[in-house]
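Visitor:
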Amino acid sequence: PLVDRPLVDRPLVDRRMSLDALPPECSECVALTLREPRSILSLTASCRTLYDALRSSRLLWRTLCLELLGAPLVDLHLTAWGCSGADPRFFRRLYRAASRGDEFVYANKLRSEMIGDSEQLEAALAATGHTSTGAGGFVALVGGWRPDCSEPVLQTALVDLSRRRLRHPSLAAGSATPARRMRHAACSVARPAWLPLPAGQRPAPLVLVLGGAADGGPPPEGMPDLPRGAPIPGGIRRLLLLEVAAPDGSLVKWHETEAAGQAPGGGMWHHQAGSFAGGTRCVVFGGDVPPDDPEFEHIAHRQHARHVYVLDLPTRSWARVGTSGSAPSWRSLHSAAVFRADAATRRDALVVLGGSDEHVQPFSSGPCDDFEPRVLSLTTFEWHGPADLDEQGAGGSSGSEPPVRWTPVPRMRFAVGVYGQRLVVYSGHGGVPLPTRELHLLLDLRSLRWSRLAPRNRPSSLANTPAAAMSCGVIAGGVQMGYFGIRPCPKLDVLLLAEPPADGDPAADPGAAWEGAPRAAPAGASGARHAEAASGGDDDDDEDEDDDDDDDRVVRVNVQSSDGTQRELLLPLSFVVAFMRQQESQQGEGEAGGEGTSEEEAGGEAAASEEEVATASSVGDAAADAFAGLMRDLD
1 PLVDRPLVDR PLVDRRMSLD ALPPECSECV ALTLREPRSI LSLTASCRTL YDALRSSRLL
61 WRTLCLELLG APLVDLHLTA WGCSGADPRF FRRLYRAASR GDEFVYANKL RSEMIGDSEQ
121 LEAALAATGH TSTGAGGFVA LVGGWRPDCS EPVLQTALVD LSRRRLRHPS LAAGSATPAR
181 RMRHAACSVA RPAWLPLPAG QRPAPLVLVL GGAADGGPPP EGMPDLPRGA PIPGGIRRLL
241 LLEVAAPDGS LVKWHETEAA GQAPGGGMWH HQAGSFAGGT RCVVFGGDVP PDDPEFEHIA
301 HRQHARHVYV LDLPTRSWAR VGTSGSAPSW RSLHSAAVFR ADAATRRDAL VVLGGSDEHV
361 QPFSSGPCDD FEPRVLSLTT FEWHGPADLD EQGAGGSSGS EPPVRWTPVP RMRFAVGVYG
421 QRLVVYSGHG GVPLPTRELH LLLDLRSLRW SRLAPRNRPS SLANTPAAAM SCGVIAGGVQ
481 MGYFGIRPCP KLDVLLLAEP PADGDPAADP GAAWEGAPRA APAGASGARH AEAASGGDDD
541 DDEDEDDDDD DDRVVRVNVQ SSDGTQRELL LPLSFVVAFM RQQESQQGEG EAGGEGTSEE
601 EAGGEAAASE EEVATASSVG DAAADAFAGL MRDLD
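Residue numbers are given in the UniProt record's numbering: position 78 of the sequence shown equals residue 78, and the series is strictly consecutive.
#1: CA-CA distance, Asp-388 and Asp-225?
#2: If contacts are defined as beta-carbon pairs under 8 Å, then residue 643 and Ser-188 qualify, I think. What distance do you get, rounded to the angstrom?
#3: Are there 16 or more other CB atoms within 10 angstroms of the CB of Leu-110, so buried, or fewer, so exposed?
#4: Beta-carbon within less than 8 Å of Ser-326's beta-carbon, same chain only, minus the 5 sequence neighbours each way: which residues are those?
#5: Given a threshold of 16 other Cβ atoms within 10 Å of its Cβ, counted over all protein chains shown, does His-301 qualify as buried or as exposed?
#6: Does the Cβ-Cβ distance between Pro-231 and Gly-267 come in under 7 Å?
#7: Grouping DSSP H, G and I as helix and E and B as strand, with all else coil, what is Glu-372?
#8: Does the beta-carbon of Glu-258 have 16 or more other beta-carbons within 10 angstroms, so that it is buried, or is it exposed?
#9: If you check the beta carbons only, do Ala-245 and Leu-251 fall under 7 Å apart?
#10: Tell me which same chain residues have a C-beta within less than 8 Å of the C-beta of Phe-371, skipping the five on either side of it?
#11: Measuring CA to CA, which of Val-142, Val-310, Tyr-419, Ser-364 is closest to Ser-332?
#12: Where does Met-223 fall in DSSP's three states?
#13: With a cut-off of 8 Å on the beta carbons, I'd call Arg-456 and Gly-516 a contact; round off their distance for me.
#14: Consult DSSP for Trp-383 and reduce its assignment to one of helix, strand or coil.
#15: Give the list of continuous alpha helix (DSSP H) stretches no shorter than 4 residues that lie fully inside the segment 63-107.
#16: So is Trp-194 buried or exposed if we call it buried at 16+ other beta carbons inside 10 Å?
#17: Return the first residue and the last residue of the beta strand (DSSP E) that Leu-496 is part of.
#18: Gln-392: which of Gly-417, Tyr-106, Arg-446, Leu-378 sits nearest, CA to CA?
#19: In chain order, what residues of the same chain lie with their CB nearer than 7 Å to the CB of Val-138, ignoring the 5 residues before and after it?
#20: Output yes or no for whether 7 Å exceeds the beta carbon distance between Leu-240 and Pro-290.
#21: Between Leu-68 and the rest of its own chain, which residues show a CB-CB distance below 6 Å, the 5 nearest in sequence each way excluded?
#22: Are the segment 127-138 and the segment 57-64 touching, with three or more C-beta to C-beta distances below 8 Å?
#23: Using DSSP with H/G/I as helix, E/B as strand and the rest coil, what is Trp-61?
#24: If we count Cβ pairs, one from each stretch, closer than 8 Å, do we get three or more for the segment 73-89 versus the segment 457-468?
#25: Is the distance from the Cβ of Arg-164 to the Cβ of Glu-122 below 7 Å?
#26: Buried or exposed: which applies to Arg-202, given that a residue is buried once 16 or more other Cβ atoms fall within 10 Å of its Cβ?
#27: As a quick exercise: from Asp-215, Val-207, Ala-173, pick the residue whose alpha carbon is nearest that of Arg-180.
#28: Taking just the CA atoms, how far does Ala-498 sit from Gln-587?
#29: Compare the beta carbon distance of Tyr-426 and Met-481 with 7 Å and say whether it is the shorter of the two.
#30: Helix, strand or coil for Phe-296 per DSSP?
#31: List the DSSP bridge partners of Gln-272.
#32: Using a Cβ-Cβ distance cut-off of 7 Å, determine whether Leu-76 contacts chain C.
#33: Among residues of its own chain, excluding the 5 on either side of Leu-311, which ones have a beta-carbon nearer than 6 Å to its beta-carbon?
#34: Tell me which same chain residues have a C-beta within less than 7 Å of the C-beta of Ala-185, skipping the five on either side of it?
#35: Please determine, among Ile-299, Arg-320, Arg-316, the residue with the shortest C-alpha to C-alpha distance to Pro-328.
#36: Short check: CB of Phe-276 to CB of Asp-348, under 7 Å?
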């Protein structure tokens, strides 16, 4: 029973009795107000009744999961784990898996259900320079360089997370028809009040698309044909909003509007965007703009750029916001993601990784910058990095000297996905070959410490695709290296948290029949090491073919055609070696390449223009002469 004295003035036993007397719904309200798990644990330690009430609270654990992972990722795990959304045990176990965040698995069976009709695979997924954004129950794959696609309107594919389907939607009546683009940015936002909601339709998140460059495809009817690589007019001041207009994802609708304020209006590409403040604001970092844009002066010296662009969506206004702290250089071809830095205060932050600090054209590349993570508070707009955490004693153990930090090989054009307080990095390419064991990486967003990630199993599709995009566990698109260049590939894989046992005993809780079901760990193994042991040991010793094998490193070859023009080819080193051996054995009588001339030439042209290379080196005059002979034969 309640008494007149304030709770804090009562003896400890009275406080426990008062908490014990609270009805379950009041206990849930107290726990939801605390939000921070350690505070909730301290609360439940006060009495057994409260502990039991909160442990069985679906509302509490579902809310914690939604705040930690987001609705799309929660729904996808619910589907993959084969559990009931009415059972609080699912949400409690998912929260435990996300809090540990050290064991992942490719959901290959779920992926097989998603792709369905294989005829849609190439058209929907074969892209590079595209974006992947989770919004509601869907992941939207937007745009990108698609040389084999003839659609004049900005291409869109949807991964339906609840129905496990890949959709190629049609445009709804009244939709805008935005131009094709690549190297744009996208994020999920809340529906603004100035965009009317159709009668009877429930509000759902929208996908905001910003900027980009023309990919060389046909323009929509009535619009000018932009040269390949030209910036999309309007830059990031032109807002594109994608709405899923049918519950099954069969229809989408584009909305187009203009925003005012301080932001590039003449074009922007290679930038990254993320939403915060409940989807009402958007932050943009990095990218390139035309030299004649007024905003160019603020990024001309990229090492000294100290700002981000922030959009207030309800008022459609941009602001150039100054930043402080340990800021990174202005980047292109980098990756960035917004995450919840503080659950109790709901404060968001932006993490930035990799890329190049040089000015980079849409169909070009540059040297890799460092791979040190930098985090920007979206409340104070102050940057911090690993060194700042070490100085504060927050980067590792509590000893006088922080542990030595390990940093992976720098890279660009890689995919990232946020899983609670962990950031997963997938693939990419850099100035040197990426070690096989660094194909998957895990970044602790609290300590900014790196670790290698070894998923339990291999993906069912292409194992290594630089330039892929990732959101809500779905990895899509990217490129593969062929004999005569780089081509977009139709990749789709689903990377999820492995399912933990309900009570710590896998034998008592076999879970769903999927790849990530609970299982006993090998003796002495746990966490990431358990995942590596279960996958059969070191990936470096895997007998299966690896996409990033050292023999498939890329070399640049300059050749001269019969008309005297120079052409640069990007070819696998293994192919160059094999060709040179053939030249030697035939004493210069090269007969290779007599078939498929047009495809090979097209591949070479695509490779020269879309320099998405895993690594680059040079070859000698003998190789150049040999390939010049090959090109003359092809001509």
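Beta carbons are placed, not taken as given, at the ideal position from N, Cα and C, and that holds for glycine.
Guide: Walking through what the data contain:
#1: Counting only the Cα atoms, Asp-225 lies some 49 Å from Asp-388.
#2: There is no way to answer for residue 643, as the model of the chain reaches only from 1 to 635.
#3: Buried: at least 16 other Cβ atoms inside 10 Å.
#4: Excluding sequence neighbours, Ser-326 sits near Arg-374, Trp-383, His-384, Gly-385, Ala-387, Asp-388.
#5: Its Cβ having fewer than 16 others within 10 Å, His-301 is exposed.
#6: A distance below 7 Å separates the beta carbons of Pro-231 and Gly-267.
#7: Coil at Glu-372, not helix or strand.
#8: Counting Cβ neighbours within 10 Å, Glu-258 comes out exposed, since fewer than 16 surround it.
#9: A contact, by the Cβ cut-off of 7 Å.
#10: When the five nearest sequence neighbours on each side are left out, the beta carbons in the same chain lying within less than 8 Å of the beta carbon of Phe-371 are those of Leu-353, Gly-354, Thr-407, Pro-408, Val-409, Pro-410, Arg-411, in order along the chain.
#11: Selected option, being the one with the closest Cα: Ser-364.
#12: Three-state DSSP puts Met-223 in coil, outside helix and strand.
#13: Gly-516 and Arg-456 do touch by the CB rule: their CB atoms are close to 7 Å apart, below 8 Å.
#14: In this structure, Trp-383 counts as strand in the three-state DSSP scheme.
#15: The alpha helix (DSSP H) runs lying completely inside the segment 63-107 and spanning 4 residues or more are 71-81, 88-100, given in chain order.
#16: With fewer than 16 Cβ atoms within 10 Å of its Cβ, Trp-194 is classed as exposed.
#17: Residues 492-497.
#18: The residue from Gly-417, Tyr-106, Arg-446, Leu-378 with its alpha-carbon nearest to that of Gln-392 is Arg-446.
#19: The sequence given here has Phe at residue 138, not Val. Result list for Phe-138: Leu-158, Val-159, Asp-160, Leu-161, Val-244, Gly-249, in chain order.
#20: The answer is no: Cβ separation not under 7 Å.
#21: Excluding sequence neighbours, Leu-68 sits near Ala-98, Gly-420.
#22: With the cut-off at 8 Å, the segment 127-138 and the segment 57-64 do not touch.
#23: When secondary structure is reduced to three states using DSSP, Trp-61 falls in the helix class.
#24: With a cut-off of 8 Å, the segment 457-468 and the segment 73-89 do not count as touching, because too few Cβ pairs lie within range.
#25: Taking C-beta atoms as the reference points, Arg-164 and Glu-122 fail to come closer than 7 Å.
#26: Exposed is the call here.
#27: Checked all of Asp-215, Val-207, Ala-173; the closest Cα to Arg-180 is Asp-215.
#28: Interpretation of Gln-587 is limited by its pLDDT of 46, a score under 50 that renders its predicted location unreliable; the figure taken from the coordinates is listed afterwards. Distance between the alpha carbons of Gln-587 and Ala-498: 56 Å.
#29: For Tyr-426 and Met-481, no; Cβs fall outside 7 Å.
#30: Correct three-state label for Phe-296: helix.
#31: Note: Gln-272 sits in a beta bridge opposite Phe-285.
#32: You won't find chain C in this structure, because it holds only one protein chain.
#33: Scanning its chain for C-beta atoms nearer than 6 Å, with the 5 sequence neighbours on each side dropped, one finds around Leu-311 the residues Cys-282, Trp-318, in chain order.
#34: Once the five neighbours on either side are set aside, the close Cβ partners of Ala-185 are Thr-131, Leu-210, Gly-211, His-271, Gln-272, Ala-273, Val-284.
#35: When only C-alpha atoms are compared, the closest one is Ile-299.
#36: Between Phe-276 and Asp-348, the gap from beta carbon to beta carbon is short of 7 Å.
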